[in-house]
Every structure is written in C-alpha cells, then in structure tokens.
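In what follows, a structure is listed as structure tokens, so that the remarks can point back to it.
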Amino acid sequence: MRAVLAQEMGGRRVLGRVWGGWWRGPGLCAAPKTADFGTEGRHHLQPRGPSKRSGPLEEQPFRGLLRPENLSREELVDVLRAAVVDQKGPLVTLNKPQGLPVTGKPGELTLLSVLPELSQGLGLGGQELQLVHASGKETSGLVLLSTCPQTASRLQKFFIHSRRSQRPTATYCAVTDGIPATSEGKIQAALKLEHTDGVDLVVPVKSPSRKDILEGVKRTLSHFRVVATGSGCALVQLQPLTAFPSQLQVHMVLELCPVLGDHTYSARVGTVLGQRFLLPAASTKTQRQVLDEALLRRLHLSPSQATRLPLHLHLHRLHLPGARPRDAPLELLAPLPPYFSRTLQCLGLGQQ
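The following block contains the structure:
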C-alpha cells in the first residue's frame, strides 16, 4: 500500500498508512476506550496472590515496584508464581514486574535463572519452562513461557514471520511526557548500538548506507496511537514491527515525547521557550528524567521521588495463533502495574 510521508526529523519518519487491526492511519479509526488497559482483560487475567488496598497517592507513589536486588531466589520464585496470569496446556503466561531482567551474567538473579525452580513451583513435574517471548528489564508486562520445545519453536517462528510480513503481534501501553503531534502514525528510524562509557546505548542513524546496514545498523518500525491526553501527557498504544533494544523508548524520543520514567534517553529532548527539539544523540549524556513542577504536582511526587520513577512502558497484549490451524487466534492480556494505574489516575488519563 502507498505510504504518505507526514513528517521527518532527526533520522525518523512518521507516516500514515491503512493497516489491519487498530492501526488504520491518521484519522481513519476512532481510538479504543482506555478501559482496554484496565486491570481485567478479556480472559480476566488477574495476578494470583493477595491484593492490598492502596493508600493515599502521596504515601505509595510506586506501589508494587519490584527490587530484584533485595530478593532471594526463593522470594523471586514466589513473586513470579503470583504473577502467573494464564496457564493452559504447555503455555504459561506471566505479568513480569518492571525492573526484573530476563537474562544476565552468570550468577545474576534473572527470570531465566529461576525457571527451573518456577517449573517445580507450578507443579510441572519434570517439564522445564523455556522462554518464548519477553520484553526488556525496564519494561513490565507479558512473558510467554512453554514446557514444550516444539510449541516454543512454533511460536518463535510465528513471531519472526509476523515481523517479516509487518503484522503486529504485541501491543504496549505507555505514558509519555508530551503529546505526539499526530493522534496516530508510524515511526521509522535506522538505529544502532554504541558502547559508550561502559553502557550500550541506541543511537539513530540518518540515511544509513549499505555499509552501515552490514555493520549492524537496523531499520526499525513502530506504530503508535494516542488513546488519551491530559496534563501535557498522553496514554499511547505502541506496536513494534521490528525488534531492537529500547526501540519503543527511542522512537518516542524521536517524537519529542519520551516515555515517563525513561532515565536513559529522555535527556535527548531539549526545551527552549516551551518548544521541544532533539539534541544530538551522540553527544547527549544519559541522566535522570527531569519533569516540570506542574507535572510533579499532578503526580504528587517530589523531585527526589521523580528520580526513581519507573518506566511507564507495559506489554499489555499478545496475539498468538491457535494450537491447530482451524483454532481461533489467542489473545493474552496483562493488567497494568499499580504505579502505572496510579499515574493514569493522577493525570486524568483513565476517565476519558
């Protein structure tokens, strides 16, 4: 189909295009209700375990936030058992807490490192879970596991084929500091990883050459859609069509609307006289996200609390094929973390 170029800046393009699912190009489809992001999905996927009533907004700004460094292996297994939202056949679906790394160095406490104990804790006998699909450490939301190697392989091939045919399978929700210029669109950017000061950072590449592509630069693509706005922020649906580290965070920075709690890439957005602009990625050092005083008041946060604000990026929905060719597709949903729901309440993004 013919794509219409709407905007170009800093090595990225925003385009409108007719598309299946919720993506249909700017102005062609009404936004879904924000209830779609609620704490109960179509399958009523509610984390197991006791729930606690929330206190005043000022007292519990990051309720439910996980601190993996403070947990033992046994405690982490208990957390993950309580985070199971669906278990059917060989598939087990978790609602991963923000801050939990999926992989890591030998000896580090990660999701993968405790899969043997989790398999036993879920009563799977000799069947050990293996990873099928997950997002990064700072992202919360769905993790798909399987006890069947054949099922895991089939689903991994499904995700690869879907990306190649540009069919979205994952939908994230995010709260952004700033409101995108268009209500929906498509972001294209060539990205590369650069090792700077001991850290791998993602940097956009404008007009990449063939040599750049051969050396690891990747053309990336995401759909975005604004669901609700308020207090200078937005609740946004995001669907990545490619897989690259921190892709969604960098794409929203290129939209001049960094994800709330992005303490890695948000410093690349500068402001002068109320106008936002992109700073050079290669020369901009990472720093804690800086929020204006009015937004801090709406969030009931002090400046020191804002430095601990978790990334508001949540893998909310996965679409999977049925177990057999004639079976209906599956839809998995993960409830929002408590701190995410609190932010929506503070900003008035859940009542629209």
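If you're matching positions, the sequence shown starts at 1 in UniProt numbering and goes up one per residue.
Even glycine gets a Cβ: it sits at the ideal position worked out from N, Cα and C.
The structure displayed is predicted, hence computed values, not measured ones.
Taking the C-beta atoms as reference points, A267 is found nearer than 9 Å to L279.
In this structure, T171 sits near L315, with a CB-CB distance shorter than 9 Å. Within the region 273-322, the complete beta strand (DSSP E) runs of at least 3 residues fall at 275-278 and 313-320. Scanning the region 175-237 for uninterrupted beta strand (DSSP E) segments of 3 residues or longer gives 184-196, 199-205 and 218-230, listed from N- to C-terminal end.
Contact annotation: R288 and T307 have beta-carbon atoms nearer than 9 Å. Apart from the 5 residues on each side of it in sequence, G230 sits with its Cβ closer than 6 Å to the Cβ of L347, G348 and L349 in its chain, given in chain order. Linking P337 to K211 through their CA atoms gives a straight-line distance of about 42 Å. Secondary structure at Q130: strand, using DSSP grouped into helix, strand and coil. Residue pairing by DSSP places G141 opposite K96 and L315 in a beta bridge. Here the region 142-156 makes contact with the region 86-101; the two share three or more CB pairs at distances below 8 Å. Within the DSSP secondary-structure output, E75 pairs in no beta bridge. By the C-beta density criterion, G216 is exposed, having fewer than 16 other C-beta atoms within 10 angstroms.
In this structure the region 325-340 touches the region 129-148; the number of beta carbon pairs closer than 8 Å is three or more.
Counting along the chain, the unbroken alpha helix (DSSP H) around L254 starts and ends at Q247 to L254. With contacts defined by Cβ atoms closer than 9 Å, V205 and L344 do not form a contacting pair. Under DSSP, D86 shares a beta bridge with T93. Per DSSP, the unbroken beta strand (DSSP E) holding E331 starts and ends at L330 to L333.
With 16 or more other CB atoms across the displayed protein chains lying within 10 angstroms of its CB, K186 is buried.
Note that the region 188-207 does not touch the region 124-136; fewer than 3 beta-carbon pairs, one per stretch, sit closer than 8 Å.
Here DSSP, grouped into helix, strand and coil, assigns S165 to coil. Per DSSP, the continuous alpha helix (DSSP H) segment holding E117 begins and ends at L115 to G121. With contacts defined by Cβ atoms closer than 9 Å, G178 and P303 do not form a contacting pair. Excluding sequence positions up to five before and after S135, its CB lies within less than 7 Å of the CB of G141 and L315, all in the same chain and listed in chain order. The C-beta of G261 has 16 or more other C-beta atoms within 10 Å across all chains shown, which makes the residue buried.
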